[in-house]
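Visitor: All you need for the working numbering is the position in the first sequence, starting with 1, plus 81.
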Amino acid sequence: MRLYSTLSRRLEELPEPPGPIRMYVCGPTVYQRAHIGNARPFVVAMWLRSWLRASGYEATLVHNITDVNDKIYAAAPGASAELAARATEWYLEDTGDLGLGLPDALPKATESIPAIIRFVEQLVERGYAYPAGGDVYFRVTRDPGYGRLSGQRPDQMAPDEDQSPLKEDPRDFALWKATKPGEDTSWESPWGRGRPGWHIECSVMAEEAFGPAFEIHGGGLDLVFPHHENELAQSRALGHDFARIWMHNGMVELGGEKMSKSLGNDVSLRNVLDTWGREVVLLFFLRAHWRRPIELTDETLAQAKAEVETFRNFFLDAEPGVEDGERILRSELAAVLDDDFNTPEALALFHSWRAREERSSLRYGLELFGLGSIAEPPQAPPEVAALAERRRDARAAKDFAEADRLRDELAAAGWEVRDIAAPPGYRLVPRT
RNA sequence: GGCGCCUUGGCCGAGUGGUUAGGCACGGGUCUGCAAAACCCGGUACGCCGGUUCGACUCCGGCAGGCGCCUCCA
Numbered sequence: 082m083r084l085y086s087t088l089s090r091r092l093e094e095l096p097e098p099p100g101p102i103r104m105y106v107c108g109p110t111v112y113q114r115a116h117i118g119n120a121r122p123f124v125v126a127m128w129l130r131s132w133l134r135a136s137g138y139e140a141t142l143v144h145n146i147t148d149v150n151d152k153i154y155a156a157a158p159g160a161s162a163e164l165a166a167r168a169t170e171w172y173l174e175d176t177g178d179l180g181l182g183l184p185d186a187l188p189k190a191t192e193s194i195p196a197i198i199r200f201v202e203q204l205v206e207r208g209y210a211y212p213a214g215g216d217v218y219f220r221v222t223r224d225p226g227y228g229r230l231s232g233q234r235p236d237q238m239a240p241d242e243d244q245s246p247l248k249e250d251p252r253d254f255a256l257w258k259a260t261k262p263g264e265d266t267s268w269e270s271p272w273g274r275g276r277p278g279w280h281i282e283c284s285v286m287a288e289e290a291f292g293p294a295f296e297i298h299g300g301g302l303d304l305v306f307p308h309h310e311n312e313l314a315q316s317r318a319l320g321h322d323f324a325r326i327w328m329h330n331g332m333v334e335l336g337g338e339k340m341s342k343s344l345g346n347d348v349s350l351r352n353v354l355d356t357w358g359r360e361v362v363l364l365f366f367l368r369a370h371w372r373r374p375i376e377l378t379d380e381t382l383a384q385a386k387a388e389v390e391t392f393r394n395f396f397l398d399a400e401p402g403v404e405d406g407e408r409i410l411r412s413e414l415a416a417v418l419d420d421d422f423n424t425p426e427a428l429a430l431f432h433s434w435r436a437r438e439e440r441s442s443l444r445y446g447l448e449l450f451g452l453g454s455i456a457e458p459p460q461a462p463p464e465v466a467a468l469a470e471r472r473r474d475a476r477a478a479k480d481f482a483e484a485d486r487l488r489d490e491l492a493a494a495g496w497e498v499r500d501i502a503a504p505p506g507y508r509l510v511p512r513t
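1) Rounded to a whole number of angstroms, what is the C-alpha to C-alpha distance between A478 and V333?
2) Over the uninterrupted beta strand (DSSP E) stretch that includes T222, give me the two end residues.
3) Compare the Cα-Cα distances from R91 to each of V510, D420, A503 and report the closest residue.
4) Determine, using beta carbons only, whether V217 and A210 come nearer to each other than 7 Å.
5) List the endpoints of the continuous alpha helix (DSSP H) containing A155.
6) Can you give the Cα-Cα distance for H370 and E312, rounded to whole angstroms?
7) For the structure I just gave you, are there three or more beta carbon pairs, one from the segment 292-299 and one from the segment 265-272, closer than 8 Å?
8) Residue range of the beta strand (DSSP E) that E93 falls in?
9) Starting from T356, trace the alpha helix (DSSP H) in both directions and tell me its first and last residue.
10) Rounded to the nearest angstrom, what separates E439 and R408 at their Cα positions?
11) DSSP beta-bridge partners for I326?
12) Tell me the DSSP bridge mates of W171?
13) With distances taken from CA atoms, which of G100, A155, L179, A165 is nearest P122?
14) In angstroms with no decimal places, state the Cα-to-Cα distance between P225 and P195.
15) Give a yes or no on whether the C-beta atoms belonging to N106 and I197 are separated by under 7 Å.
16) Just to confirm, is the Cβ distance from L449 to S131 under 7 Å?
17) What three-state label does DSSP hand Y85 in the structure shown?
Okay, here's the thing in structure tokens:
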């Protein structure tokens with residue numbers, strides 16, 4: 082299998098199964114409800130783990146929660162810890178409702194403070210970092226490879242308007258920040274009370290989970306610089322290889338612009354989930370390659386929904402008791418997924434399987450992406466089924482006025498009735 | 001100023017130096033009491049201008065437009 086890596090700017094071949102394949106994928110800063118864009122790296126990572134495991138790999142996924150950060154302090158002055166705890170619950174609840182299961186670990190920055198301090202101490206000892214006024218900064222000029230991930234050159238960077246006088250160089254970034262008035266969480270450190278900078282937590286948590294080298298590091302494209310560049314610099318400064326393959330997913334866009342909390346154009350995952358349902362959200366993501374941007378509109382969501390219904394109808398139309406054997410055309414799927422995890426091609430393949438009535442393969446493929454529910458027949462409650470039976474009998478008696486009235490009644494109850502030849506003579510499908 | 005990405009038929013969206021992507025929507029048809037679903041039929045599209053080539057949507061150069069990043073961001 083091969084995957085495109087931001088670091089090498091080319092497709093990288095994964096080792097043969099069983100691997101291991103260790104993935105660390107950056108999660109959100111928890112200060113409000115996650116938006117649909119936050120869901121993309123989660124979904125891509127869970128799908129990739131699913132496919133890797135199905136391919137015989139030992140795949141593990143660590144997904145961090147940033148629960149100490151300027152944003153959180155700003156959003157809840159004096160009560161940031163409570164907000165972070167609550168927003169973490171929201172995140173777990175909303176991503177959990179996608180029905181993809183849980184990552185293998187969900188470490189929080191605040192639970193790795195001692196390891197963060199040790200990491201920073203080592204950077205200081207090696208001359209890669211310096212304390213200043215209770216802060217500690219990474220000395221970017223000490224790292225000749227700085228910029229290797231993002232392609233940025235330190236001497237070409239835009240000058241920072243709002244520069245801390247404590248820094249030796251404007252490009253230096255904070256590893257540790259002295260606590261300030263109004264910040265309600267802080268920890269003792271060799272440099273006084275304070276809390277970690279943004280980037281250090283990920284180097285530390287990834288290495289705590291996997292050691293100094295691992296296979297895949299993921300996150301949104303907007304994290305390439307500075308976040309991931311700085312993680313790489315920190316870890317390389319200690320002589321660690323850190324991640325080999327860097328996967329950056331494209332942005333979810335609204336009106337042609339990146340969705341983000343700071344732009345105020347974000348749509349919560351909760352909202353989309355409640356309005357369209359989990360299957361539509363997943364199909365929506367499946368339709369675009371993971372590296373490409375994806376536009377969230379009513380039309381793109383409606384198209385995803387239409388595809389969900391097309392697949393659902395296929396399984397509904399299956400002859401009862403007839404299953405087309407156990408054949409699973411896994412190699413057809415591997416041909417596209419092993420090539421940079423091309424899910425739009427996989428989706429096209431699913432449509433082809435549908436047309437060819439490869440039921441077992443299609444069920445298998447959908448299950449890989451958390452969409453196995455599409456193949457499950459809906460169960461109408463007894464009172465709804467009773468209405469459908471009355472309508473069937475009215476039709477048999479040529480009382481079409483009554484039949485149409487009952488169809489309306491079923492619709493009002495949330496069910497669509499379709500006439501079929503096979504017993505019981507009708508099919509009930511939830512109206513969505 | 002620097003780094004990178006994108007531009008495919010009404011919409012979404014893969015892909016390839018020469019062969020139908022696929023889906024959604026739309027129109028026509030079959031089926032149906034009427035529907036719905038399903039199935040059949042219906043569009044050779046690749047921003048513009050050059051170049052390379054027997055041949056380019058695919059490679060190279062330029063231009064135009066759009067997007068992301070350059071220490072808040074998934």
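Just so you know, even glycine gets a beta-carbon here, dropped at the ideal spot from N, CA and C. In this text the structure is predicted, and so the values were computed from the model without any measurement.
Guide: Looking at the coordinates:
1) Numbered from its first residue, the first sequence carries residue 478 at position 397. Numbered from its first residue, the first sequence carries residue 333 at position 252. Between A478 and V333, the C-alpha separation is close to 54 Å.
2) Along the first sequence, one-based indexing puts residue 222 at 141. Note, T222: premise wrong, no beta strand (DSSP E); not H, not E.
3) Counted from its first residue, the first sequence places residue 91 at position 10. The residue with the shortest Cα to Cα distance from R91 is D420.
4) Working through the first sequence from its first residue, we reach residue 217 at position 136. Working through the first sequence from its first residue, we reach residue 210 at position 129. Contact: yes.
5) Position 74 of the first sequence, counted from the start, is the residue given in the question as residue 155. Counting along the chain, the alpha helix (DSSP H) containing A155 begins and ends at 151-156.
6) Within the first sequence, residue 370 is the residue found at index 289, counting from 1. Within the first sequence, residue 312 is the residue found at index 231, counting from 1. Their backbone Cα atoms lie some 26 Å apart in a straight line.
7) no
8) For this step, residue 93 is matched to residue 12 along the first sequence. Element bounds for E93: 91-94.
9) Position 275 of the first sequence, counted from the start, is the residue given in the question as residue 356. Residues 350-357.
10) Position 358 of the first sequence holds residue 439. Position 327 of the first sequence holds residue 408. Roughly 8 Å separates the two Cα atoms.
11) Stepping through the first sequence from its first residue, residue 326 is reached at position 245. Paired residues: I297.
12) Here residue 171 refers to the residue found at position 90 of the first sequence. For W171, which the question treats as bridged, DSSP gives no partner whatsoever.
13) Translated into the one-based positions of the first sequence, residue 122 becomes position 41. The shortest Cα separation from P122 among G100, A155, L179, A165 belongs to L179.
14) If you number the first sequence from 1, residue 225 lands on position 144. If you number the first sequence from 1, residue 195 lands on position 114. Computed Cα separation, rounded: 29 Å.
15) As a first step, residue 106 is located in the first sequence; it is residue number 25 there, counting from the start. As a first step, residue 197 is located in the first sequence; it is residue number 116 there, counting from the start. Here residue 106 turns out to be Val, not Asn, going by the sequence shown. Taking 7 Å as the Cβ cut-off, V106 and I197 do not qualify as a contacting pair.
16) Here the question's residue 449 lines up with position 368 in the first sequence. Here the question's residue 131 lines up with position 50 in the first sequence. A contact, by the Cβ cut-off of 7 Å.
17) Walking along the first sequence from the start, residue 85 turns up at place 4. In the structure shown, Y85 sits in a strand (DSSP, three-state: E or B).
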